[in-house]
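Using my numbering, the first residue of the sequence shown is number 649, and each one after it goes up by one.
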Amino acid sequence: MWRVFSKTVKRIDSVGTGLVSLFFPPRCYLCREELERLDVICDNCRNSLPRISGPMCTVCGQPLVDELIDLCHSCGIRLRHFDMVRTLGIYRDGWQRLIQGLKFEGEKAIAGELSALMADYLKDKDPFGVVDTFSYVPLNRRRRRQRGFNQSQLLANSLSRTFSIPVEHGLRKIRATPPQTGLSRQLRRKSLHNAFTCRPSTAKGRTVLIDDVYTTGTTVEECAQALKRAGYERVFVLTVARTL
Ligand SMILES: [Zn+2]
Ligand SMILES: [Zn+2]
649 MWRVFSKTVK RIDSVGTGLV SLFFPPRCYL CREELERLDV ICDNCRNSLP
699 RISGPMCTVC GQPLVDELID LCHSCGIRLR HFDMVRTLGI YRDGWQRLIQ
749 GLKFEGEKAI AGELSALMAD YLKDKDPFGV VDTFSYVPLN RRRRRQRGFN
799 QSQLLANSLS RTFSIPVEHG LRKIRATPPQ TGLSRQLRRK SLHNAFTCRP
849 STAKGRTVLI DDVYTTGTTV EECAQALKRA GYERVFVLTV ARTL
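Right, here's the structure in full:
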């Protein structure tokens, strides 16, 4: 019993301690139900997080209505810098509350829960095959200092431990950009152009770029371009959620 308990404590501690781990008895972050073991959310809430299923764009993973079409409009009209994007769920309900709790309330234990769900997805679906590294969307230095951590890096570090695959730390955001929320796709692209760079790394081949939310894809595309310029042949993207 103790061994199981201490193992769970270790899992939560390994991604940092936020308020979640201080409450006792532990309660589900989403529904506040009392939990039988130290965990972030209950099985009920975990099972009811809305997953993406059904027909989707083979490149960017956008859900599609028509089963006979395999590319979305954006991927149909131009070549994307990433090779494939996959996402666990739609950015609303539980997914949105978990991501906001991690980013804005600093509940780092949530990163353990989200990365475990990402790991389950990779084991279950295996969308990218064999990969050499995990990488993450970086924050610029000022934002990183303000928040104290980079949520995407926490997720990548945790996945790295689960799969024993190294993390690529060479990607950098070299200039600050205005908040992207509310900007059109064109303005986002203009504002993020050449905002990222990656030092030529020793690990070449295939990387999985980790981010929390996929919106228009501009950020991950700029990152993918920087990773490819540095020598990566394939850049896959895995995000927790996406907007519709
Ligand atoms: Zn719950
Ligand atoms: Zn697409």
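Built from N, CA and C at the ideal position, the CB exists for glycine as well.
Minimum Cβ-Cβ distance from Arg837 to chain B less than 8 Å
The structure shown contains no chain B; it is built from a single protein chain.
Please list, in chain order, all residues of the same chain as Ala759 whose beta carbon is under 7 Å from its beta carbon, the five residues on each side excluded.
Val663, Leu750, Gln799, Leu802, Leu803, Ser806
Can you check which of these residues, Asp731, Ser832, Pro673, is closest to Tyr880 by C-alpha distance?
Asp731
In the structure shown, what three-state DSSP assignment does Phe653 receive?
Any reading at Phe653 is ruled out, since the residue's pLDDT is 35, under 50, leaving its predicted position unreliable.
Beta-carbon separation of Glu870 and Leu840 under 8 Å?
yes
Tell me the residue span of the alpha helix (DSSP H) that contains Phe752.
741–752
Would you kindly work out how many angstroms separate the C-alpha atoms of Arg882 and Leu712, rounded to a whole number?
24 Å
Would you decide whether Cys679 is buried or exposed? Buried here means 16 or more other CB atoms lie within 10 Å of its CB.
exposed
Leaving out the 5 sequence neighbours to the left and right, which residues in its chain are closer than 6 Å to Pro703 when beta-carbon positions are compared?
Leu712, Glu715
With a Cβ-Cβ cutoff of 8 Å, do Arg833 and Thr735 count as a contact?
no
Going by the C-beta, is Leu716 closer than 7 Å to any heavy atom of ligand 3?
Of the ligands one can find in the structure shown, namely ligand 1 and ligand 2, none is ligand 3.
What do you reckon, are the CB atoms on Gln828 and His729 nearer than 8 Å?
no
Distance CB(Ile858)-CB(Phe782) smaller than 8 Å:
yes
On the premise that Val785 lies in contact with Phe884, defined as a C-beta separation below 8 Å, what is that separation, rounded to the nearest angstrom?
Rounded, the Cβ-Cβ distance is 13 Å, inconsistent with contact.
Contained alpha helix (DSSP H) runs [length at least 4] in the region 660–727, N- to C-terminal order:
691–695, 721–725
Looking only at its chain, what residues have a beta carbon closer than 8 Å to the beta carbon of Pro848, apart from the 5 residues adjacent to it on each side?
Gly818, Ala878, Gly879
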